[in-house]
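Number 2033 in the numbering used here belongs to position 734 of the sequence shown; there are no gaps in the numbering. For each residue, glycine too, the CB sits at the ideal point set by N, CA and C. Shown next, in structure tokens, is the structure this report addresses.
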Amino acid sequence: MPRFYDKRTWNLLEDVQPNLFSLVRGALSLRQKVVITKQSLLFLKRCKVKNVLPNFITNKKIGEVCNLSEDHPRIRNIYQSILNVVIKQKQHLLYSTILKCVAKEGACKRYLDQQSWRRIEGGSRRICESIRSNTKSALCAKFEKLLDRFRISDSNAESSLPVNHQSETISPHNECDNIRTARVTVLGCAQISDKAMNFLSLGPSFAPTQNINAVTIRKVVGGLHKLRDQLRIRSKRNDQPQSLGTVSRRALPPIPFPCSFYKEPDPCPDVDIKFRILSSGVLSVLTENKRRCHSNLTYDQWQGFREIREMVNCGTIRLSVSDKGGEFVVMSQELDREITELHLTDTTINRRTTQNEFHSQCKRLNHIWTTIGKAAGLNERFLSRLKIENPNCPVFYSMIKTHKLSVPHITSMPANEYKIRPIVSCVGGPTDRISWFLNKIVSQLLPMIPSHLTNTRQFLTRLHNTDFSQNCVIESFDVSSLYTNVSTNDALQALHEMLGSHERQIETYGLSRTRIMTLVKECLNCNIFKWSGRYFSQIRGLAMEQRLAPVLAVCFMSKIEEPVLARLPLLYCRYIDDCCVITSTQSEMDECFRILNEQSQYIRLTRETPQEGWLPFLNTHLKLSKGMVQVKWYRKESSKNIILHARSAHPIAVKRAVVRNMFKTAIEVCNGEAERQESKRLASIIMRENGYASQKQRQRKAPNVSKTHVRGKKLPLCIPFVSDRISNAIRQCLVRAQLQDDVVLVNIPNDNIKRQLVRNRLYDRTCLSQRCVVCPYSRNGDCAKTGVIYQIECLNCHATYIGETGRPLHVRISEHLASKRRESLVTPLGKHRHEDHNGNDFDVRCTILAHEPDISARKTLEAFWISVRDPRMNNRNEHISITTDLMPFISLCGL
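So this is what it looks like as structure tokens:
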């Protein structure tokens, strides 16, 4: 009789009658054997398709017996024959086992009562699913090891690579090599090991796996607590009749930024019962899988990861992502500083300024925003949410244009020959939230611009709806450094005219055209940024990463191109700064190019003509001949074809969508079968180079629109992604709690390589306060962090206080220290000084316990830490109460 592969199966046999025990045991063990055999058969078939031999075959060492190499064609044919025989034996074994299993399960169904058999069958199904998942994971890992070993040992590596989409022929091996060798760019004298190069070749979007540990559990607790609050709020809203005042009030857009105030919703019995079932189920899933540890990085890649992290932290290199290629760029910090210094010394674009001027600009912007918002009748809470009292100063960083590098001299180029894309990061800056709201208004103008393109599909629609003459001409124009060369006054004038023409067609949320223009102008004037401790102001152009910059640039270009549109070319369309122009004659094309270059002092366009009849535009390749147009999918030479890697710790559905959408785009842009086949071959190469196996042609049903619409109304349960198996188990918890119609699971992958290693504030991570009590005990610049749970410790008696703040930490600590100096009895440090130190001053230190941007999750974790550590300076009732549903998680949070 086959054995049980999971000891939990014995629990299903507890209430079985003795005379039926052997029958039920046999049925359950056979069902598990069917699952194991199926996975083994799939593994062997996969080895056969990829021409990889399992260890039990290669260990026979037939080559040594025959005095031939193991790679000799005759020996490999023998091994392949053995593999075919083993596959046939497995198929016969699977067939016979299924017959026996079906017979025994039928007998169990006849002899056992219906309720008992249903219980046993349901438990067996869950156990078999767990066995299937574990076996599949183990065999997949074994297959990857075999495949890696085979790629190294076999000189013809192409035979081991996955076949392409829909059984297309594979391009030559050297074409794959060209892509593989260009996935990392190293500039100047920077040097990294092969292990580090191998690690970075995984791509910026690659996410290392996260196992179930204390940090993961804390994130789960935060996600559950936030969901509980949202369920209570929705239930209360649904129970209350909608008032007339609520209907008539102007609807403002939902704010994506964290709240600064938290009020715990009132309990709701129906919702709380379902949440209790959900939380207990999630706890069981996490507890069962806590000991499972796996990694999607090899040992050498982990060593490369540590090497790069140490080199960045010690100031040896700067790691960034290229401008258009998408690959990592490694350069010495010395070279990076030299390149940036050369750019910032251009006095026609930037000027030096001071920190005081930055604070003055911030105060002016907040004052104007509050004044105009109140005058327009905007909600006061809305105004407060978008006003940042303690903003971060925007910082400057650059992206290297690797597609403009001279490859033979890449290690010896002087700093002044590098071309960069200058960027000012405005995240958390004074204009960040206000410009978000303004962008919601002005971005509605983009569809009113006749030449503006939003995507490739819109371009192809216009292209196919155009009637071309026999001798028409096609070219593309590109604006050089559009954002830097846009005249701010001209852009504001263009926006003013657009608002005047279309103000009634867009939602302005009660703001008049004059008020919108005032706020936009103030956001543009608040243009001070910081680099390496020095403050600069941009005096010309628009800052990249300023939310309003793209819309203003498009409005500005719409004024530039008006004289050309008046000449009625056959086709004129533009995506930001790339223009596609089709005219009836070459002289007309030359005239359009001349007119565009004469419209502004700084705007200059370059032109590109077809090469061998083909012209690239966006992600298409166009050929116009005798009034007929051919289109195929195009990847720029500068692109390194890096997509989400197959081994990245993302849900399998995300990876499938990445590959599926790539092939969908490659097929849909083409208008001929030959072009379609060529585009699919290119997509197959890209898929293989990013670690994906072959795509089997499947008939997929069209997405259910109504289901997608309903899903948009569900509340998100944000849980760290560990594995698809755990995510499926949590979805089953939602079903058991009867929340599947109200809640959707959102998997949050681990931070990818880019988020973990790329530092935009590399030279501006500095301490912001005098006599800081945070940075000396942690990393320099930690006092500037926002959304943290912190602990203050008295250095005399070691009493502690635990708190949380969404503001910069140094601001909250300054308030604590001020209350200590005043000996305020209503504050923890002042009371501690008065009661425990008889009014004598004492020194403190502050450490960050956790970082959590969401206030609901932050309050929960604060309560967890207070309940576990019982800090002496905290009052008993100053933190939220911990629900009994989340109390069991405390022991797993590592507090």
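Contact under 9 Å by Cβ, residue i with residue j
{"i": "Tyr1874", "j": "Cys1891", "result": "no"}
{"i": "Thr1670", "j": "Lys1686", "result": "no"}
{"i": "Ser1775", "j": "Arg1650", "result": "no"}
{"i": "Ile1902", "j": "Ile1859", "result": "yes"}
{"i": "Pro1729", "j": "Cys1661", "result": "yes"}
{"i": "Leu1634", "j": "Cys1488", "result": "yes"}
{"i": "Ile2018", "j": "Val2045", "result": "yes"}
{"i": "Asn1689", "j": "Pro2107", "result": "yes"}
{"i": "Arg2157", "j": "Glu2103", "result": "yes"}
{"i": "Leu1551", "j": "Phe1681", "result": "yes"}
{"i": "Val1584", "j": "Cys2145", "result": "no"}
{"i": "Val1778", "j": "Leu1904", "result": "yes"}
{"i": "Ile1374", "j": "Gly1362", "result": "yes"}
{"i": "Thr1308", "j": "Ile1426", "result": "yes"}
{"i": "Thr1644", "j": "Ile1838", "result": "no"}
{"i": "Ile1733", "j": "Ile1805", "result": "no"}
{"i": "Tyr1717", "j": "Leu1486", "result": "yes"}
{"i": "Asn2051", "j": "Ser1938", "result": "no"}
{"i": "Gly1352", "j": "Tyr1378", "result": "It should be pointed out that residue 1352 corresponds to Leu in this sequence rather than to Gly. A contact, by the Cβ cut-off of 9 Å."}
{"i": "Leu2056", "j": "Arg1608", "result": "yes"}
{"i": "Phe1767", "j": "Val1928", "result": "yes"}
N- and C-terminal bounds of the beta strand (DSSP E) containing residue i
{"i": "Trp1932", "result": "1927-1932"}
{"i": "Ser1836", "result": "1833-1837"}
{"i": "Gln1509", "result": "Unbroken run through Gln1509: none, as it is neither H nor E."}
{"i": "Gly2102", "result": "2099-2104"}
{"i": "Asp1877", "result": "1877-1882"}
{"i": "Asn1665", "result": "First-last for Asn1665: 1654-1674, but that is the alpha helix (DSSP H), not the beta strand (DSSP E)."}
{"i": "Cys1872", "result": "1870-1874"}
{"i": "Ile1374", "result": "Premise fails: Ile1374 lies in the alpha helix (DSSP H), 1372-1410, not in any beta strand (DSSP E)."}
Beta bridge counterpart(s) of residue i as assigned by DSSP
{"i": "Leu1921", "result": "Leu1914, Val1930"}
{"i": "Val1723", "result": "Phe1695"}
{"i": "Lys1283", "result": "The structure shown does not extend to residue 1283, since the chain is modelled only from 1300 through 2194, so no value can be given for it."}
{"i": "Ile2091", "result": "Tyr2100, Cys2145"}
{"i": "Thr1639", "result": "The partner list for Thr1639 (beta bridge, DSSP) is empty, contrary to what the question assumes."}
{"i": "His1751", "result": "Arg1873"}
{"i": "Phe1627", "result": "Val1483, Val1620"}
{"i": "Arg1650", "result": "Ser1836"}
Residue environment, residue i, which counts as buried when at least 16 other CB atoms sit within 10 Å
{"i": "Thr1639", "result": "buried"}
{"i": "Ala1973", "result": "exposed"}
{"i": "Cys2192", "result": "buried"}
{"i": "Glu2092", "result": "buried"}
{"i": "Arg1400", "result": "The residue you asked about is not Arg; residue 1400 is Cys in the sequence shown. It counts as buried."}
{"i": "His1593", "result": "exposed"}
{"i": "Lys1403", "result": "buried"}
{"i": "Asn2027", "result": "exposed"}
{"i": "Ser1697", "result": "buried"}
{"i": "Phe1320", "result": "exposed"}
{"i": "Ala1793", "result": "buried"}
{"i": "Asp2184", "result": "buried"}
{"i": "Asp2081", "result": "buried"}
{"i": "Ala1848", "result": "buried"}
{"i": "Cys1346", "result": "buried"}
{"i": "Asp2063", "result": "buried"}
{"i": "Gln1996", "result": "Because the pLDDT at Gln1996 is just 42, under 50, the model does not fix this residue reliably, and the value given afterwards should be weighed accordingly. By the 10 Å Cβ count, Gln1996 comes out exposed."}
{"i": "Val2072", "result": "buried"}
Segment limits, alpha helix (DSSP H) that includes residue i
{"i": "Ala2149", "result": "Premise fails: Ala2149 lies in the beta strand (DSSP E), 2143-2150, not in any alpha helix (DSSP H)."}
{"i": "Cys1771", "result": "Note, Cys1771: premise wrong, no alpha helix (DSSP H); not H, not E."}
{"i": "Leu1704", "result": "Here Leu1704 belongs to no alpha helix (DSSP H), and DSSP marks it neither H nor E."}
{"i": "Arg1684", "result": "1679-1685"}
{"i": "Cys2017", "result": "Looking at the DSSP string, Cys2017 is not in any alpha helix (DSSP H); the run it does join, the beta strand (DSSP E), is 2014-2019."}
{"i": "Thr2085", "result": "Run containing Thr2085: none; DSSP gives neither H nor E here."}
{"i": "Asn2027", "result": "2023-2035"}
Integer-rounded CB distance, given that residue j should sit under 8 Å from residue i
{"i": "Val1629", "j": "Ile1699", "result": "Going by Cβ atoms, the distance from Val1629 to Ile1699 rounds to 10 Å, so no, they are not a contact pair."}
{"i": "Ile1335", "j": "Thr1484", "result": "Not quite, the Cβ-Cβ distance comes to about 47 Å (not below 8 Å), so this is no contact."}
{"i": "Ala1956", "j": "Lys1979", "result": "Actually they do not touch by this definition, with Cβ atoms about 18 Å apart."}
{"i": "Asp1305", "j": "Ile1430", "result": "6 Å"}
{"i": "Asn2059", "j": "Ser1631", "result": "With a Cβ gap of about 18 Å, Asn2059 and Ser1631 do not count as contacting."}
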